[in-house]
Amino acid sequence: MKIMSTTTQLKKPLVWMEINTQALKKNVQTMKQFIGNTKIMAVVKANAYGLGSVGVARTIEENVDAFGVVGVAEALSLRAGGVQKTIVNLGIYTSEDAGALIENDIAPSLFTSGDFDNFNRQAKKMNRRVPVWIKVDTGLVRLGIPYQEAAAWIKKANAYPSITLAGVSSTLSEDISFDQEQLQRFLSVREACGKENILVPIWSIGSSESVFLFPEANLDMMRLGISLLGYYPSEGARATKKVILEPTVTYKTRVACIKEIEAGEGMFYRQTYVAKQKKRIAILLPGYSYGLDPKLVNGGSVLIKGKKYPLVGGISATNCFADVGLEDDVAVNDEVVIFGKQNEAEIPLEDVCRLTNQNVYQCLSRIPEKVQRLYV
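Just add 139 to wherever you are in the sequence shown, counting from 1, and you've got our numbering.
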């Protein structure tokens, strides 16, 4: 083995994601045109599935109607980041969170009778009215008031003096046959409210999946997340070919070091890789603590100067390794693409997902915040 590098003076950034803001805006416009007059709540939970919730929200704010997050910290982060549009906390909270949500004009989703009492009491103390959403469980068996009881609770919500009903939502299972049953349950709640002359401004059950496969669920507002980022929620959605989305993320690193190993020489922990012939190995900076799944060494590649090079050896917490050939012009500091485009070449995120048995949500969300996000 011998080291081929002539410098350790690496340029910054070392590991980063580039988010294409023009593609992001284009995807929003594409989906707006596709769904017509239906409003869009952009779901930026889980740090916008890894892209950075504040950066994504600020980029698309003028073209969406509201933002959905899961968790008080995410909601407050958007407000602190300068987001002015409606923010709905779709997830749970503690009773102590009510004041912060009301103070920052963030609409909670209510699930229990205690939620109504708590927010009404806190809003009255603050001399405010709090806009709320009511979450209905139509069969996902997650958060929400059972659909059989929902109409009664929606009626009660209108009786609280410091609460304003902003909308009612539910979440589909993404099983098309059962989605149809869920939609009928949701519509039965809407019908019951109509008979009682209960005004509900917005009914929302549609998602990035249903917009392609079950458009009957569009209703008043869609909660769209991954599709706005340029990725299809499933192969079934992609296969409809109803719209063309533009991927927004390129995940990059740099060549940190290059070493040459001889035929028969091993590398990595437990010598799991033994070269059958002489090799030049580029040591790259990210490993599994940066969201790279170790299964990527079984068929995965990276791009350097527009050419694919196979990952070899293994993936440790902070490194991975590429066979860059004996003659190719690969050097320390060269940009490396883990997924996304480089010149005319591309490693689609979906290829990474297939190799690692993940979906696009998981692949993106597992990239930690220590990886710098650059909006370009």
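Positions of the beta carbon are idealized from the N, C-alpha and C atoms, including for glycine. Computed from a predicted model, the values in this text were never measured in an experiment.
{"Query": "Please go through the same chain and pick out, in chain order, the residues whose beta-carbon is closer than 6 Å to the beta-carbon of G220, but skip the five residues on each side of it.", "Result": "V193"}
{"Query": "With DSSP run on the structure shown, which of helix, strand or coil describes S504?", "Result": "helix"}
{"Query": "Could you say which of E200, I315, Q172, F353 lies nearest to A181 if we only look at CA atoms?", "Result": "E200"}
{"Query": "Should Y408 go down as buried or exposed, given a rule of 16 or more other Cβ atoms within 10 Å for buried?", "Result": "exposed"}
{"Query": "Determine, for L326, whether the minimum Cβ-Cβ distance to residues of chain B falls below 9 Å.", "Result": "Of the chains in the structure shown, none is chain B; there is only one protein chain."}
{"Query": "Can you list, in chain order, the residues of its chain with a C-beta nearer than 7 Å to that of V211? Leave out the 5 residues immediately preceding and following it.", "Result": "N228, Y232, D236, A239, L240"}
{"Query": "Taking V269 as the reference, which of N297, V275, A205 has the closest Cα?", "Result": "N297"}
{"Query": "If you draw a straight line from the C-alpha of P247 to the C-alpha of S308, how long is it?", "Result": "12 Å"}
{"Query": "Here's the rule I'm using: 16 or more other beta-carbon atoms within 10 Å means buried, otherwise exposed. How should L465 be labelled?", "Result": "exposed"}
{"Query": "If you run the structure through DSSP and keep just helix, strand and coil, what is G191?", "Result": "coil"}
{"Query": "Rounded to whole angstroms, what's the CA-CA distance from I477 to C396? Just pull it up for me.", "Result": "17 Å"}
{"Query": "Take the Cβ of T411 as the centre, count every other Cβ of all protein chains shown within 10 Å, and call the residue buried at 16 or more, exposed below.", "Result": "exposed"}
{"Query": "Taking its Cβ as the centre, do 16 or more other Cβ atoms sit within 10 Å of L363, making it buried, or is it exposed?", "Result": "buried"}
{"Query": "Are the segment 479 to 487 and the segment 430 to 444 in contact at 8 Å, needing three or more beta carbon pairs?", "Result": "yes"}
{"Query": "Using alpha carbons as the reference points, say which of G438, V451, G405 lies closest to A421.", "Result": "V451"}
{"Query": "Residues in the same chain with beta-carbon distance under 7 Å from F353, minus the five sequence neighbours each way, listed in chain order, please.", "Result": "I315, D318"}
{"Query": "Assuming L363 is part of the beta strand (DSSP E), what are its boundary residues?", "Result": "360 to 363"}
{"Query": "Between T392 and N159, is the Cβ-Cβ spacing less than 9 Å?", "Result": "no"}
{"Query": "Is the segment 322 to 338 touching the segment 359 to 379 in the sense that three or more CB pairs, one from each, lie closer than 8 Å?", "Result": "no"}
{"Query": "In chain order, what residues of the same chain have a beta carbon less than 7 Å from the beta carbon of V280, not counting five sequence neighbours either side?", "Result": "none"}
{"Query": "Assign S301 to one of three DSSP states: helix, strand, or coil.", "Result": "coil"}
{"Query": "Going by CA-CA distance only, name the one from Q148, N176, D276, G207 that's closest to R365.", "Result": "Just to set this straight, residue 365 is Ile in the shown sequence, not Arg. For I365, the nearest C-alpha among the options comes from G207."}
{"Query": "Closer than 6 Å by C-beta to E401: which residues in its own chain qualify, once you throw out the five before and the five after it? Chain order, please.", "Result": "K417"}
{"Query": "Just to confirm my understanding: we take I506, look at its own chain, exclude 5 residues before and 5 after, and list those with CB closer than 8 Å. What are they?", "Result": "M156, G189, Y390, Y429, G430"}
{"Query": "If contacts are defined as beta-carbon pairs under 8 Å, then L311 and I344 qualify, I think. What distance do you get, rounded to the angstrom?", "Result": "6 Å"}
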